[in-house]
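Asks: Please read through the structure below; I'll follow up with questions.
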DNA sequence: GCAAAAGTGTTGGTATTACACCCATGT
DNA sequence: ACATGGGTGTAATACCAACACTTTTGC
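Chains as they are written, first to last, in full-length UniProt numbering: chain F, 1 to 234; chain Y, 1 to 234.
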């Protein structure tokens with residue numbers, strides 16, 4: 001079953017830290033390697049950039065192949081280029097994080113082009129196995145970046161279902177920031193921004209009082225953000 | 001006089017946005033190209049990563065060759081990999097910004113290894129010429145990053161002389177953030193952090209009231225930063 | 001004495017923190 | 001009825017923004 005990598009001089013790859021949120025936990029998608037090197041280790045999903053495609057396009061293609069999904073929120077965060085990070089040759093990797101909505105009717109469907117896309121499994125970020133290559137370092141770097149971005153970009157809503165409760169939103173913030181937040185203060189602040197739209201709908205199938213559902217209003221967010229920008233320009 | 005580049009398949013380069021601060025203005029270092037392509041255009045200084053050196057080491061080497069200086073504050077901020085960004089072949093470039101103290105006794109002395117390091121000139125970031133390749137985009141990206149970092153890293157002190165006045169510090173903040181700040185509020189806030197050490201010394205050779213000089217106290221800063229971290233962990 | 005920049009406090013508003021109880025629902 | 005999470009307000013404090021005049025020095 002072992003594939004064998006040809007020796008090579010130098011290559012550029014993309015590695016992806018794919019974040020998802022499920023059952024109150026922040027998770028990332030990992031594959032179990034079946035090929036040399038690092039056989040049977042867990043690793044970040046990734047692939048090689050082609051000679052005639054841009055880094056950006058490669059990242060989109062690779063993420064599509066890995067997940068079957070399009071138009072995900074993704075962002076480059078660092079390029080890792082130690083000489084010996086890959087035992088088979090020089091591989092410089094450009095790392096991206098991506099945010100996806102986990103839902104179980106609709107599992108990730110890797111597009112099986114080239115037999116390279118393997119089935120991926122979700123792992124809680126608080127309980128990761130050792131990762132192949134320098135992937136642990138890459139993950140840490142990406143997670144850090146995510147934390148920082150949370151303060152000034154509406155990335156949380158890329159990880160939640162379209163309709164969500166404030167408690168879910170809070171749990172997600174807690175998971176990303178790695179700290180507990182006060183419920184009342186959190187709600188007050190979030191609602192004060194004015195970009196959450198309260199729906200006429202409640203949670204279903206819960207064995208306790210159902211919570212109101214909310215939606216992220218992208219247009220209002222854009223308006224608010226824009227006026228902030230122009231205010232700071234004057 | 002024209003050098004001629006050989007055609008090549010693919011290469012990795014480092015490009016540097018080297019920031020300096022002088023006469024109240026934020027500047028970057030540009031070189032005027034003498035070779036094809038983009039002959040006579042201004043460009044960010046940079047060079048090719050060697051087969052057997054890490055990205056990080058390459059960045060340090062190249063920056064040293066360009067400036068003659070060691071141990072500069074530098075930071076990778078983005079990798080640019082459009083297919084046609086370089087007319088002579090595929091060149092993926094990893095961009096770094098670096099911060100240096102401009103002082104005129106001690107001009108930048110490029111180390112002339114390989115004839116590639118050319119004399120560089122300082123240009124105000126508010127009045128840049130058109131740049132070769134995608135270097136304008138690279139610059140903008142790096143400048144944005146610098147703005148953001150200013151909020152949570154003590155990078156200003158890498159751009160100022162060891163001893164500086166509060167007015168200089170403020171001018172630098174204004175230049176990076178592209179907005180005016182209130183003098184009293186700025187001073188109050190800076191001094192409240194507690195990492196500026198007031199010296200028993202004043203400015204010399206000025207034709208007006210001499211200002212007190214201050215020094216950045218790295219040890220105090222580290223202490224403060226550390227206790228902040230541990231406070232947010234609890 | 002005048003030009004040029006240094007230096008200095010107060011106030012009002014806004015944002016952040018800390019904190020505890022009742023409510024609605026399903027079992 | 002009870003267990004589970006949903007939902008709510010207030011007071012104290014810290015932080016930020018706006019604002020104008022006096023002082024020192026070199027010429």
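Cβ atoms here follow ideal geometry from the backbone N, Cα and C, with glycine treated the same way.
1. How is residue 76(F) classed by DSSP in three states: helix, strand or coil?
2. Quick one: give me the first and last residue of the beta strand (DSSP E) that residue 93(Y) is part of.
3. Using the beta-carbon count (16 or more within 10 Å), is residue 178(F) buried or exposed?
4. What does DSSP give as the partner residue(s) for residue 43(F) in the beta ladder?
5. What residue range is occupied by the uninterrupted alpha helix (DSSP H) comprising residue 147(F)?
6. Indicate the three-state DSSP secondary structure (helix, strand or coil) for residue 219(F) in the structure shown.
7. Using a Cβ-Cβ cutoff of less than 7 Å, which residues in the same chain neighbour residue 167(F) once the five nearest sequence positions on both sides are dropped?
8. If we count Cβ pairs, one from each stretch, closer than 8 Å, do we get three or more for the stretch 198-217 of chain F versus the stretch 56-64 of chain Y?
9. Output the distance between the C-alpha atoms of residue 92(Y) and residue 191(Y), rounded to the nearest integer angstrom.
10. Roughly how far, in whole angstroms, is the beta-carbon of residue 46(F) from the beta-carbon of residue 62(F), given that I think they are within contact range, below 8 Å?
11. Considering only residues of the same chain and omitting the five flanking positions on each side of residue 79(F), which have a CB-CB separation below 8 Å?
12. Mind listing which residues of the stretch 74-94 of chain Y have their C-beta closer than 8 Å to chain F's C-betas, in chain order?
13. With contact counted as at least three CB pairs below 8 Å, one residue from each stretch, are the stretch 34-44 of chain Y and the stretch 153-169 of chain Y in contact?
14. Going by Cα to Cα distance, which pick from 87(Y), 153(Y), 120(Y) and 89(Y) is closest to residue 75(Y)?
15. Hey, is residue 55(Y)'s beta-carbon within less than 7 Å of any beta-carbon in chain F?
16. So, using beta-carbon positions, are residue 124(F) and residue 32(F) closer together than 7 Å?
17. Would you list, in sequence order, the uninterrupted alpha helix (DSSP H) runs of no fewer than 4 residues that lie entirely inside the stretch 154-185 of chain Y?
18. Quick one: residues in its chain with C-beta nearer than 6 Å to the C-beta of residue 98(F), no 5 flanking neighbours on either side, listed in chain order?
19. Keeping to the same chain, check which residues put their C-beta closer than 7 Å to that of residue 176(Y); ignore five residues upstream and five downstream.
20. Going along chain Y in order, which residues have a C-beta closer than 8 Å to the C-beta of residue 144(F)?
21. How would you list, in chain order, the residues of chain Y whose beta-carbon sits under 7 Å from the beta-carbon of residue 12(F)?
22. Hey, could you find the ends of the alpha helix (DSSP H) residue 62(Y) is sitting in?
23. Which residues of chain Y have a Cβ atom closer than 8 Å to the Cβ of residue 51(F), listed in chain order?
24. Exposed or buried, what is residue 89(Y) when buried is set at 16 or more other beta-carbons lying within 10 Å of its beta-carbon?
25. Near residue 10(Y), which residues of its chain fall below 8 Å by C-beta distance, leaving aside the five closest residues on each side in sequence?
26. If I measure Cβ to Cβ from residue 81(Y) and keep anything under 6 Å in the same chain, skipping five residues before and after, which residues do I get?
27. Between which two residues does the beta strand (DSSP E) holding residue 18(F) run?
28. Counting C-beta neighbours from all protein chains within 10 Å, is the total for residue 199(Y) 16 or more, i.e. buried, or is it exposed?
29. Taking the alpha carbon of residue 203(F) as the point to measure from, which residue in 196(F), 197(F), 223(F) and 165(F) has its own alpha carbon closest?
30. Does the distance from the C-beta atom of residue 20(F) to that of residue 100(F) stay below 7 Å?
31. Which partner residues of residue 202(Y) appear in the DSSP bridge assignment?
32. Excluding sequence positions up to five away, which residues of its chain have a Cβ less than 6 Å from the Cβ of residue 139(Y)?
Replies: In short:
1. strand
2. For residue 93(Y), the enclosing beta strand (DSSP E) has its first and last residue at 90-99.
3. Exposed, because fewer than 16 other Cβ atoms sit within 10 Å of the Cβ of residue 178(F).
4. Secondary-structure assignment with DSSP links residue 43(F) through a beta bridge to 31(F).
5. Annotation for residue 147(F): the continuous alpha helix (DSSP H) segment containing it runs 135-150.
6. helix
7. Hits under 7 Å: 211.
8. no
9. Approximately 43 Å between the Cα atoms of the pair.
10. 7 Å
11. Residues of the same chain with a CB within less than 8 Å of the CB of residue 79(F), apart from the 5 flanking positions on each side, are 92, 93, 94 and 95 in chain order.
12. The residues in question are 76, 78, 79, 80, 81, 82, 83, 90, 92 and 94.
13. no
14. 153(Y)
15. yes
16. Contact flag unset, no.
17. You should have 156-159 and 166-177.
18. 16, 18, 63, 72 and 74
19. 26, 146, 147 and 150
20. Near residue 144(F) there are no residues of chain Y at all, since even the closest Cβ is about 12 Å away, more than 8 Å.
21. The answer, in chain order, is 92.
22. It spans 55-67 - the alpha helix (DSSP H) in which residue 62(Y) sits, taken as one unbroken run.
23. 9, 10 and 90
24. Exposed.
25. 89, 90, 91 and 92
26. Shown here for residue 81(Y): same chain residues with a beta carbon closer than 6 Å to its own, the five before and five after excluded, namely 92 in chain order.
27. Note, residue 18(F): beta strand (DSSP E), 10-22.
28. By the 16-neighbour rule on beta-carbons within 10 angstroms, residue 199(Y) is exposed.
29. 165(F)
30. The Cβ atoms of residue 20(F) and residue 100(F) lie closer than 7 Å to each other.
31. Answer is 212(Y).
32. 17
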